[in-house]
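So the sequence shown is residues 1 to 193, counted in my numbering. Every residue, glycine too, gets a C-beta built ideally from N, C-alpha and C. Report on the following structure.
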Amino acid sequence: MTKESIIIVALRLSLTRGYKSVSLIDVANEIGITKGGIYHYFSSKDELLLAALHFSLDYFEKRYAELLSNKSTLREILYALLVDNVFDEDSKQFIGTTGECNVDHVHFYIEMMQRFSEIQERVQKINVSTCEAFAKRIQVAMDMGEIKSNLDSYALAANVMALVNGQKSLGCNFQSQEMRKRMMDSMWTLMNS
Numbered sequence: 001m002t003k004e005s006i007i008i009v010a011l012r013l014s015l016t017r018g019y020k021s022v023s024l025i026d027v028a029n030e031i032g033i034t035k036g037g038i039y040h041y042f043s044s045k046d047e048l049l050l051a052a053l054h055f056s057l058d059y060f061e062k063r064y065a066e067l068l069s070n071k072s073t074l075r076e077i078l079y080a081l082l083v084d085n086v087f088d089e090d091s092k093q094f095i096g097t098t099g100e101c102n103v104d105h106v107h108f109y110i111e112m113m114q115r116f117s118e119i120q121e122r123v124q125k126i127n128v129s130t131c132e133a134f135a136k137r138i139q140v141a142m143d144m145g146e147i148k149s150n151l152d153s154y155a156l157a158a159n160v161m162a163l164v165n166g167q168k169s170l171g172c173n174f175q176s177q178e179m180r181k182r183m184m185d186s187m188w189t190l191m192n193s
């Protein structure tokens, strides 16, 4: 059993059951090791969760960077984020969650940012750097004529990020493929009218 496996299981259980409902024994049982096996790597539940949160942030920060640096058009990037829900699909593979609508995942991360100030600071830094990278990508799209050229690329990037992050918190009625497509089409129309 690797340290990474313990981290992934702890993250999955915390996302699906809630932090307060998961013990180190639950994590150990899920993996098939003793609680002592976890203590080999982590001195407490908080230390394990903190490692899991950093692991998750590392993964999604890297994933955003890959998405924004590839050769796709801006429309394809937006489609991946808003319609295909690429990060939910990643979650299915990355940590074994269902990727189904779960507002509790949003609340979990908010709770963890309140619990660990270093996570809140890191999320804020990631949001700024991601917004800056997204703004550069939007500027390229404006320069190439993919979208109208008189937009504030940074503000537009912040709007897209807010839409991506906020979409989940709206609940299951806003998670259908059809609704996500409508949201994407509206965003695209605003960028081109």
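_Taking 6 Å as the limit between beta carbons, can you name the residues of its chain near Arg137, skipping five residues before and five after?_
For Arg137, where only same-chain residues beyond five positions count, the Cβ hits under 6 Å are Leu68.
*Using CA coordinates, which residue listed in Asn127, Lys3 and Phe94 is at the minimum distance from Ala162?*
Taking only the C-alpha atoms, the option nearest Ala162 is Asn127.
_If contact is defined by three or more beta carbon pairs under 8 Å, each pair taking one atom from either stretch, is the stretch 136–156 in contact with the stretch 41–52?_
No, the stretch 41–52 is not in contact with the stretch 136–156.
*Quick one: residues in its chain with C-beta nearer than 7 Å to the C-beta of Asn192, no 5 flanking neighbours on either side, listed in chain order?*
These residues qualify, in order along the chain: Ile147 and Lys148.
*Is it true that the CB of Ala157 sits closer than 8 Å to the CB of Phe174?*
With contacts defined by Cβ atoms closer than 8 Å, Phe174 and Ala157 do not form a contacting pair.
*asked:* Can you give me the C-alpha to C-alpha distance between Asn70 and Gln124, rounded to a whole angstrom?
replied: Rounded to whole angstroms, Asn70 to Gln124 spans 24 Å at the Cα level.
*Val106 and Lys20 look like a contact to me (Cβ under 8 Å); what is the Cβ gap, rounded to whole Å?*
Not quite, the Cβ-Cβ distance comes to about 16 Å (not below 8 Å), so this is no contact.
*Measure the C-alpha to C-alpha separation of Asp88 and His54 and round it to an integer number of angstroms.*
In a straight line, the C-alpha of Asp88 is about 18 Å away from that of His54.
*From which residue to which residue does the alpha helix (DSSP H) around Val9 run?*
Membership of Val9 in the alpha helix (DSSP H) is indicated by the continuous run Lys3 to Arg17.
_Through-space distance from Ile38 to Ile6, alpha-carbon basis_ = Here the alpha carbons of Ile38 and Ile6 stand approximately 7 Å from one another.
_Please report the distance separating the alpha-carbon of Leu170 from that of Asp143._
Approximately 34 Å, taken between the alpha carbons.
*Can you round the beta-carbon distance between Leu82 and Met179 to whole angstroms, since I take them to be within the 8 Å contact cut?*
Taking C-beta atoms under 8 Å as the contact rule, Leu82 and Met179 fail to qualify, at a distance of about 10 Å.
*Could you pull out every residue in the same chain whose Cβ sits closer than 7 Å to the Cβ of Asp26, ignoring the five residues on either side in sequence?*
Scanning its chain for C-beta atoms nearer than 7 Å, with the 5 sequence neighbours on each side dropped, one finds around Asp26 the residues Leu13, in chain order.
*Identify the continuous alpha helix (DSSP H) that holds Asp46 and give its terminal residues.*
Note, Asp46: alpha helix (DSSP H), Lys45 to Ser69.
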